[in-house]
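J.:
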Amino acid sequence: LIAPPPPELRDVEKTAHTNGAPVAGAIESLDRLLRCLAADLEQGGEPLPELITAELAKATVTLRLSAPADLPAPWEGAGAEWLAHLNDKTEDVDQVPPYPMLVTIGQSADGHLWLANLQALGTVALTGDADRAQSLGRHIAAELVLNPWSSLVDVDLLGLGEELASLDALRLHLHAPDDTAFLTRFGEELQAVANTSRAETFHALLTDASRGPSEVQLRVVAAHIRNGGAALVAVNGRDLPDAVVLGLQSD
253 LIAPPPPELR DVEKTAHTNG APVAGAIESL DRLLRCLAAD LEQGGEPLPE LITAELAKAT
313 VTLRLSAPAD LPAPWEGAGA EWLAHLNDKT EDVDQVPPYP MLVTIGQSAD GHLWLANLQA
373 LGTVALTGDA DRAQSLGRHI AAELVLNPWS SLVDVDLLGL GEELASLDAL RLHLHAPDDT
433 AFLTRFGEEL QAVANTSRAE TFHALLTDAS RGPSEVQLRV VAAHIRNGGA ALVAVNGRDL
493 PDAVVLGLQS D
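If you use the working numbering, the sequence shown corresponds to residues 253 to 503, in order.
(1) Thinking C-alpha only, which one of 458, 277, 411, 349 is nearest residue 402?
(2) Are residue 195 and residue 411 touching if we call contact CB-CB under 8 Å?
(3) Within the same chain, show all residues whose beta-carbon is closer than 6 Å to that of residue 346, passing over the 5 residues directly before and after it, in chain order.
(4) What first and last residue would you give for the beta strand (DSSP E) that runs through residue 329?
(5) Quick check: the Cα distance between residue 356 and residue 368, rounded to an integer number of angstroms?
(6) Using a Cβ distance threshold of 8 Å, determine whether the region 290-304 contacts the region 320-340, with at least three qualifying pairs required.
(7) Can you list, in chain order, the residues of its chain whose CB lies under 6 Å from that of residue 288, leaving out five sequence neighbours each side?
(8) Between which two residues does the alpha helix (DSSP H) carrying residue 458 extend?
(9) Expressed to the nearest angstrom, what Euclidean distance is found between the alpha-carbon atoms of residue 392 and residue 489?
(10) Between residue 285 and chain D, is any beta-carbon pair separated by less than 8 Å?
(11) Rounded to whole angstroms, what's the CA-CA distance from residue 435 to residue 317? Just pull it up for me.
(12) Ends of the alpha helix (DSSP H) at residue 392?
(13) What residue does the alpha helix (DSSP H) around residue 279 start on, and which one ends it?
(14) Check whether the Cβ atoms of residue 337 and residue 311 lie closer than 8 Å to each other.
(15) Output needed for residue 501: all residues of its chain with C-beta closer than 8 Å, excluding positions within five of it in sequence on either side, in chain order.
(16) From this set, 440, 432, 394, 359, which residue's C-alpha is nearest residue 418's C-alpha?
(17) Do you know whose CA, among 485, 422, 365, 330, lies nearest residue 306's CA?
(18) Leaving aside the five residues before and after residue 443 along the sequence, list all residues of the same chain whose C-beta is less than 7 Å from its C-beta, in chain order.
(19) Using three-state DSSP, classify residue 482 as helix, strand or coil.
(20) Hey, quick one: how far does the beta strand (DSSP E) through residue 501 stretch, first residue to last?
(21) Looking at C-alpha atoms only, which residue of 468, 478, 464 is the closest neighbour of residue 487?
(22) Nearest by alpha-carbon distance to residue 334: which of 352, 351, 353, 313 is it?
(23) For residue 278 and residue 308, which I take to be in contact (beta-carbon distance under 8 Å), what is that distance rounded to the nearest angstrom?
(24) Our contact map puts residue 495 next to residue 376 with C-beta atoms below 8 Å; I'd like the distance itself, whole angstroms only.
(25) Across which residues does DSSP place residue 308 in a beta bridge pair?
What follows is the structure in structure tokens.
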């Protein structure tokens with residue numbers, strides 16, 4: 253069965269678009285807040301909570317977690333929802349980004365930008381209007397290369413986003429739609445990681461499911477995504493196990 257989007261994503265999926273990422277200043281503030289959060293929790297011996305979405309308003313960011321947690325100042329809130337002000341004074345800390353696969357997926361009616369943690373979602377299927385789905389897929393790929401917190405993510409594109417090749421020659425890898433050998437190898441590597449220990453590196457695979465990879469191959473990859481420090485984004489992807497489905501509409 254295909255899982256529906258988390259409740260907080262259902263309104264956003266209707267208006268998902270690719271009109272650009274948040275301004276640089278907001279991105280820098282969010283990056284600093286998240287790194288400080290990770291450093292504070294690590295210093296206190298507390299686990300990092302699993303982030304599902306971040307809602308970025310003009311002056312604030314609201315995190316929505318998969319389970320209740322207790323976050324330190326400057327975060328305000330309770331349970332699974334916490335807010336911080338983007339202008340809160342935080343130090344630049346030498347800390348590995350806690351959520352390297354956080355990407356913009358759309359904008360709500362009130363103008364707030366929504367970001368989703370692909371690592372927590374695991375498998376995401378972009379359905380509905382084909383052009384919109386492909387555009388959002390390319391946009392997500394670009395953010396995984398350009399966002400300041402995504403420097404540890406390797407990005408593989410299979411039959412999608414050939415025009416992005418020049419963004420990063422080291423972390424961005426293009427594959428032909430019929431490169432089934434890569435997809436098989438990718439699935440085997442994920443399985444090996446899932447059978448050993450927690451992943452120390454991060455991988456994102458974005459593909460156009462209508463252009464090459466078989467449903468069987470994508471199912472093998474999807475079955476091991478969550479335990480392999482990875483995310484799968486399938487444009488026109490359907491019938492993938494445990495997939496979060498984002499349906500896009502044309503104007």
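By construction, the Cβ of each residue, glycine as well, lies at the ideal position given by its N, Cα and C atoms.
Since this is a predicted model, take the numbers as computed values, not measurements.
T.: From the atom records:
(1) Sequence index remark: in the sequence shown, residue 402 carries index 150 (1-based). Cα-wise, what sits closest to residue 402 is 349.
(2) Outside the shown range of the chain (253 to 503) lies residue 195, about which nothing can therefore be said.
(3) Reading the sequence shown from its first residue, position 94 is the one you call residue 346. Answer for residue 346: no residue qualifies.
(4) Within the sequence shown, the letter at position 77 stands for residue 329. Note, residue 329: beta strand (DSSP E), 328-330.
(5) Walking along the sequence shown from the start, residue 356 turns up at place 104. Walking along the sequence shown from the start, residue 368 turns up at place 116. Cα to Cα, the separation comes out at about 6 Å.
(6) yes
(7) The residue labelled residue 288 in the question sits at position 36 within the sequence shown. Around residue 288: 342, 345.
(8) Position 206 of the sequence shown, counting from 1, holds the residue named residue 458. No alpha helix (DSSP H) holds residue 458; the beta strand (DSSP E) holding it covers 454-460.
(9) Numbered from 1 along the sequence shown, position 140 holds the residue referred to as residue 392. Numbered from 1 along the sequence shown, position 237 holds the residue referred to as residue 489. For residue 392 and residue 489, the distance between alpha carbons rounds to 15 Å.
(10) This model lacks chain D altogether, as it is built from one protein chain only.
(11) Locating residue 435 in the sequence shown gives position 183, where the first residue counts as 1. Locating residue 317 in the sequence shown gives position 65, where the first residue counts as 1. Whole-angstrom Cα-Cα distance: 31 Å.
(12) As a position in the sequence shown, residue 392 is number 140, starting the count at 1. Secondary structure note for residue 392: its alpha helix (DSSP H) is the uninterrupted segment 382-398.
(13) Position 27 of the sequence shown, counting from 1, holds the residue named residue 279. 276-295 is the span of the alpha helix (DSSP H), which, as asked, contains residue 279.
(14) Start at 1 with the first residue of the sequence shown, and residue 337 comes out as number 85. Start at 1 with the first residue of the sequence shown, and residue 311 comes out as number 59. A contact, by the Cβ cut-off of 8 Å.
(15) Taking the sequence shown and counting its residues from 1, one reaches residue 501 at position 249. Here residue 501 has 266, 380, 381, 384 as same chain residues with Cβ atoms under 8 Å from its own Cβ, once five neighbours each way along the sequence are excluded.
(16) The residue given as residue 418 occupies position 166 in the sequence shown. When each option's Cα is compared against that of residue 418, the closest is 394.
(17) Locating residue 306 in the sequence shown gives position 54, where the first residue counts as 1. Taking only the C-alpha atoms, the option nearest residue 306 is 365.
(18) Working through the sequence shown from its first residue, we reach residue 443 at position 191. Result list for residue 443: 476, in chain order.
(19) Residue numbering aside, residue 482 sits at position 230 when the sequence shown is read from its first letter. Judged by DSSP in its simplified three-state form, residue 482 adopts strand.
(20) On the sequence shown, position 249 is the one that residue 501 refers to. Run containing residue 501: none; DSSP gives neither H nor E here.
(21) The count along the sequence shown starts at 1 and reaches residue 487 at position 235. When only C-alpha atoms are compared, the closest one is 464.
(22) As a working note, residue 334 is residue 82 in the sequence shown. Closest option to residue 334, Cα to Cα, is 313.
(23) Here residue 278 corresponds to residue number 26 of the sequence shown, with the count starting at 1. Here residue 308 corresponds to residue number 56 of the sequence shown, with the count starting at 1. Right, their Cβ atoms sit about 6 Å apart.
(24) Position 243 of the sequence shown holds residue 495. Position 124 of the sequence shown holds residue 376. About 7 Å; that satisfies the 8 Å criterion.
(25) By 1-based counting over the sequence shown, the position of residue 308 is 56. Paired residues: 313, 365.
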